[in-house]
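First the structure, in the form of structure tokens, and then the observations on it.
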Amino acid sequence: MNKKLVKEVKQSFKEHFRTKPLIVFSPGRINLIGEHTDYNDGFAFPAAINKGIALAISKSTSNVSSVYALNKEEIYAFDTSKIKPLVDGGWRNYVIGVVAELQMLGKQIGNFDSVFAGNIPGGAGMSSSAALENSFVYGLNDLFDLGLTKHQMILVSQKAEHNFAGVKCGIMDQYASMFGIKKSALLLDCRTVESEPFKIDFKDYKLMLINSNVKHDLSESAYNDRRKVCERVSELLHLDALRDASKEDLDRIKTDISEEDYQKALYVINENNRVKQFSEAIKKDDIEALGNLLYQSHEGLSTNYKVSCKELDFLVDRAKENTNVLGARMMGGGFGGCTINLVKKDEFKKFKKEVSKRFRATFEYDCSVYSVKLSRGTQIVKKENN
Ligand code: GLA
């Protein structure tokens, strides 16, 4: 929860509307390992973070709903009984998508007034969209007494993304944002949509996120194309999902598919195994093994799955050169956004300075460095914290 954001949305809500709102905080997420495995029914290892979206929301007596995006200073007014996806709607599509998907479940959603603000850098691969969807689904569920479970809510958020933002995403982002646990990462089984929490202690090391500030656009066909490849290959194997495939299975159909598709499916099989190895290494406190798995993951994402870019590869290469960094990889959907790095605590500042300087010298603009805390998932902000 971020008190400053909560204060800001409360203040702004007071200026725009006169009712007393419900306040929801919904976090973004990181992912330790297990990228592009979620829509293959596989495993991922995400955690909610201390950056997110604060939403102030209350029922409206008028026949329009208002949503004010405080950071952008943009207001959007609509009638909940007349919703359809907007062309180039940006953040608006996530909000109306949630409302529409709730209506698809037969839920009655009256009009409402709302203000939201966030501090998750956009396009950084830290799931600002899932945080936004979850804040609205959680707020509306409470406001209109919809009686949905958290599991039902994240499916609503995911469908909003599929049908209104056009990204056929998996469930990892919405799950991590909703179910996050303080100081823990979640070993998530994306088939059962259940997770095992792991208390995270990297000993002398800590996580560093480095944002390449290259903006990805997941809805650009690349993400959906990857998903299609995976589905096509698992169909050829007569399996429900690539989670059930082994390298031996894949080799049996090697001549029936293109080399590119083979490499992509192989990446998913390997990455899924890496998540399991990662959780074993955490149990054994084998920090070096964690670092190696991060590098292997990046190699697969870059050369086999082809979702990296030169800026991300550059950042990972700089990490590899530095003995105080145990591992690094791109994080999230790819084509830009952040790398996640496991860096020696004492050397954090030095590496930050060094990598920032080299990045600027090469690309002639700045990367951004963040450290994050693993935090609690979507929540109603208690009155006393308001
Ligand atoms: C995006 C999607 C997720 C997941 C990741 C890649 O963040 O929203 O569902 O597929 O990319 O791991």
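Residue numbers (our numbering): 1486 to 1871.
C-beta: ideal position from N, C-alpha, C; glycine also.
Values in this document were obtained by computation on a predicted structure and should not be read as measured data.
Inclusion of H1521 in the 7 Å shell around the ligand GLA follows from its C-beta lying nearer than that to a non-hydrogen atom of the ligand. Contact check for L1555 and E1493: beta-carbon distance about 6 Å, within the 8 Å limit, so the pair qualifies.
Our two residues, C1823 and S1547, have alpha carbons roughly 42 Å apart in a direct line.
Beyond the five residues adjoining it in sequence on each side, Y1579 comes within less than 8 Å, by CB distance, of S1614, L1617, E1618, F1621, A1645, E1646, F1649, A1650 in the same chain, given in chain order. Between the alpha carbons of N1777 and K1829 lies a gap of roughly 15 Å.
Among the bridge pairs identified by DSSP, M1815 is matched with T1824. Per DSSP, the unbroken beta strand (DSSP E) holding A1532 starts and ends at 1531 to 1544. Exclusion of D1710 from the 7 Å shell around the ligand GLA follows from its C-beta lying no nearer than that to any non-hydrogen atom of the ligand. Where M1657 is concerned, there is no enclosing beta strand (DSSP E), although the alpha helix (DSSP H) around it starts and stops at 1657 to 1664. Around the beta carbon of T1740, fewer than 16 other beta carbons sit within 10 angstroms, so the residue counts as exposed. With a cut-off of 7 Å, the C-beta of G1818 is classified as near the ligand GLA, since at least one heavy atom of the ligand falls inside that distance.
In chain order, S1793, D1798 place their CB closer than 7 Å to the CB of S1787, counting only its own chain and leaving out the 5 sequence neighbours on each side.
In the DSSP secondary-structure assignment, D1710 is not bridged to any residue.
A Cβ-Cβ contact shorter than 8 Å links F1833 with K1691. Assigned with DSSP and collapsed to three states, E1784 falls in helix.
Inter-residue distance for R1803 and F1528 is about 28 Å (C-alpha atoms, whole angstroms). Comparing alpha carbon positions, the residue from I1666, E1784, F1763, D1725 closest to A1774 is F1763. The beta-bridge partner set that DSSP reports for Y1524 is empty. Put simply, the stretch 1710 to 1721 does not touch the stretch 1657 to 1667. Fewer than three CB pairs are less than 8 Å apart. A Cβ-Cβ separation of about 29 Å leaves G1608 out of contact with T1565 under the 8 Å criterion. F1510: member of the beta strand (DSSP E) spanning 1507 to 1516, first to last residue. Put simply, the backbone Cα of Y1855 is about 32 Å away from that of K1499. Put simply, of S1545, V1801, L1735 the residue whose alpha carbon is nearest the alpha carbon of V1718 is L1735. Your pair V1840 and I1685 does not check out as a contact, with CB atoms roughly 23 Å apart and the cut at 8 Å. In this structure, I1542 keeps its C-beta atom at 8 Å or more from the C-beta atom of F1629.
H1501 and K1838 have their C-alpha atoms spaced approximately 42 Å apart. The C-beta distance from L1779 to A1813 rounds to 6 Å, short enough to meet the 8 Å contact threshold. With a threshold of 7 Å, the Cβ atom of G1655 counts as near the ligand GLA, since some heavy atom of the ligand is closer than that. In the three-state reduction of the DSSP assignment, G1591 falls in the coil class.
Of the heavy atoms belonging to the ligand GLA, none sits nearer than 7 Å to the Cβ of N1755. A residue is called buried once 16 or more other Cβ atoms fall within 10 Å of its Cβ, and M1663 is buried on that count. Rounded to whole angstroms, E1586 and G1821 show a C-alpha spacing of 29 Å.
In the structure shown, the three-state DSSP call for F1683 is strand.
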